[in-house]
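Working notes, beginning with the structure itself.
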Amino acid sequence: TSKIGDVVNIEITNRGYKADVNTLKLGVPVKLVLKTSNVTSCARAFTIPDLNYFKILPGTGIEEIEFTPTKLGNLTYTCSMGMYSGSFNVVE
Numbered sequence: 001t002s003k004i005g006d007v008v009n010i011e012i013t014n015r016g017y018k019a020d021v022n023t024l025k026l027g028v029p030v031k032l033v034l035k036t037s038n039v040t041s042c043a044r045a046f047t048i049p050d051l052n053y054f055k056i057l058p059g060t061g062i063e064e065i066e067f068t069p070t071k072l073g074n075l076t077y078t079c080s081m082g083m084y085s086g087s088f089n090v091v092e
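According to the working numbering, the stretch in the sequence shown is residues 1 to 92, in order.
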């Protein structure tokens, strides 16, 4: 397995997403830690379109995603309905 370079926590609430980091480095492996607590909204339907990632998260729990950014610029994550979103800026 590859060594994870960055760990990013994303708190998921009924009102959206709050990441503790907004910048990722190109080519550096990252682990997203998605944390839910009593979430009942569509924010549970978490997707990262550019990575073809989609997951229905538990109402309360932790889900981890590991990937390596391969493209500079904006990497958006959103709920499946597009109501809640956030993004990372991928830099060199």
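Built from N, CA and C at the ideal position, the CB exists for glycine as well.
Check: Suppose you measure from the CA of residue 72 to the CA of residue 19; what does that come to, to the nearest Å?; Outcome: 19 Å
Check: Classify residue 30: buried if its beta carbon has 16 or more other beta carbons within 10 angstroms, exposed otherwise.; Outcome: buried
Check: Going by the beta-carbon positions, is the gap between residue 45 and residue 56 smaller than 7 Å?; Outcome: yes
Check: Skipping 5 residues on each side, what residues in its chain have a beta carbon closer than 6 Å to that of residue 11?; Outcome: 18, 35
Check: Does DSSP put residue 51 in a helix, a strand or coil?; Outcome: helix
Check: Classify residue 21: buried if its beta carbon has 16 or more other beta carbons within 10 angstroms, exposed otherwise.; Outcome: exposed
Check: Applying the criterion that 16 or more other CB atoms from any shown protein chain within 10 Å of the CB defines a buried residue, is residue 75 buried or exposed?; Outcome: buried
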